[in-house]
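Take a look at the structure below.
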Amino acid sequence: MRRAIEDLRAFYGEPRGALVRRLLARRLEDAWGEAEGCDVLGVGYATPWLDAFVGARRVIAAMPGGQGVELWPSVGRNRTLLVDDKRLPFAAGTFDRVLLVHALEEADDPTLLLTEAVRALAPAGRIILAAAARGGMWARAESTPFGHGRPFTRGQLERLVRAVGLEPTAWSQTLYIPPWTPILGMADGFEQIGRRVAPGFAGVILLEATRQAYARIRPSGHGARVTVPQGVLQPQPATRSRRDGRGVEARGEPL
Numbered sequence: 586m587r588r589a590i591e592d593l594r595a596f597y598g599e600p601r602g603a604l605v606r607r608l609l610a611r612r613l614e615d616a617w618g619e620a621e622g623c624d625v626l627g628v629g630y631a632t633p634w635l636d637a638f639v640g641a642r643r644v645i646a647a648m649p650g651g652q653g654v655e656l657w658p659s660v661g662r663n664r665t666l667l668v669d670d671k672r673l674p675f676a677a678g679t680f681d682r683v684l685l686v687h688a689l690e691e692a693d694d695p696t697l698l699l700t701e702a703v704r705a706l707a708p709a710g711r712i713i714l715a716a717a718a719r720g721g722m723w724a725r726a727e728s729t730p731f732g733h734g735r736p737f738t739r740g741q742l743e744r745l746v747r748a749v750g751l752e753p754t755a756w757s758q759t760l761y762i763p764p765w766t767p768i769l770g771m772a773d774g775f776e777q778i779g780r781r782v783a784p785g786f787a788g789v790i791l792l793e794a795t796r797q798a799y800a801r802i803r804p805s806g807h808g809a810r811v812t813v814p815q816g817v818l819q820p821q822p823a824t825r826s827r828r829d830g831r832g833v834e835a836r837g838e839p840l
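Residue numbers for the sequence shown follow our numbering, so the first one is 586 and each next one is one higher.
Shown next as structure tokens:
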């Protein structure tokens, strides 16, 4: 059963939630910046980060049934809707960027949810999965949203995206500090040290994936496969797995 929208809103209004917002926002900015001219979809509870995409052409927040929906943004036209995460109400290829936060962990069928997200992804689109890390302390903290549902390892996320026709292109981790309010002010230090000496203690894994090929769906149900370029979470050339100074491993063809 999913955490209620009231619980999620309350968490992100407290100090631990504010820290999570800041650290994840840093990673998303590295990956997508302001998503200039893109159509962006957030699935799960992604509204704490969607305001950052000020250059996007359109931003929509899809919140699963069982969680509930909130009005967002606080001013202007509402851009949220309540959805069945097994059947998203969007046409194929609608969005250039899809962000999943607090989506997979409590989904009845993570593969089906991700399949629907991929269906809504444009042929050259990019998707980021942000999920609780199985080895991190946040996955054990039931007072946070990360302590509910199923946490993931990097390998599990990679297998999940490959199962729906995507290829992992980059990954990152964050939230190394334990979820203890008195020490939250030391978070930046924990981030620097954790990436170097204790990568398994990260609280959140972010995995970016793209289509290596996509099926152009025709009314008959047949598909023609077309190769498209890959993207990377950290925009730097890489021909094999390697780790940069900020703890991000980029994989893919040189840009």
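Even for Gly, the Cβ is constructed at its ideal location relative to N, Cα and C.
With contacts defined by Cβ atoms closer than 8 angstroms, Asp-624 and Thr-679 form a contacting pair. Shortest Cα-Cα distance from Leu-666 to any of Arg-744, Pro-649 and Glu-727 involves Pro-649.
Non-local beta-carbon contacts of Trp-634 in its own chain, meaning distances under 8 angstroms to residues more than five positions away in sequence, involve Arg-606, Leu-609, Ala-610, Leu-613, Gly-627, Leu-684 and Val-686 in chain order. Counting C-beta atoms within 10 angstroms of its own C-beta, Gly-640 has fewer than 16 neighbours from the protein chains shown and is therefore classed as exposed. Here the alpha carbon of Gly-740 sits roughly 29 angstroms from the alpha carbon of Leu-769.
Along the length of the stretch 733 to 758, whole alpha helix (DSSP H) runs at least 4 residues long occupy 739 to 748, reported in chain order.
When only Cα atoms are considered, Arg-601 and Trp-723 end up about 11 angstroms apart. Contact between Pro-753 and Ala-794 is confirmed by a C-beta separation of about 5 angstroms, below the 8 angstroms threshold. Annotation for Trp-617: Arg-682 place their beta carbon closer than 7 angstroms to its own, counting only its chain and skipping 5 residues before and after. Apart from sequence neighbours up to five positions away, the residues of its chain that approach Leu-673 with a beta-carbon distance below 8 angstroms are Val-628, Ala-647, Glu-701, Ala-702, Arg-704 and Ala-705, ordered along the chain. The distance from the Cβ of Pro-764 to that of Ala-726 is about 4 angstroms, consistent with a contact at the 8 angstroms cut-off.
With respect to Arg-711, Gly-651 sits apart: the two C-beta atoms are not nearer than 8 angstroms. Excluding sequence positions up to five before and after Phe-638, its CB lies within less than 7 angstroms of the CB of Glu-619, Ala-620, Val-625 and Val-644, all in the same chain and listed in chain order. In this chain, the alpha helix (DSSP H) harbouring Phe-596 covers 590 to 596. Straight-line measurement puts the Cα of Glu-690 at about 18 angstroms from the Cα of Gly-785. Gly-622 counts as exposed, since fewer than 16 other beta carbons sit within 10 angstroms of its beta carbon. A residue is called buried once 16 or more other Cβ atoms fall within 10 Å of its Cβ, and Ser-728, having fewer, is exposed.
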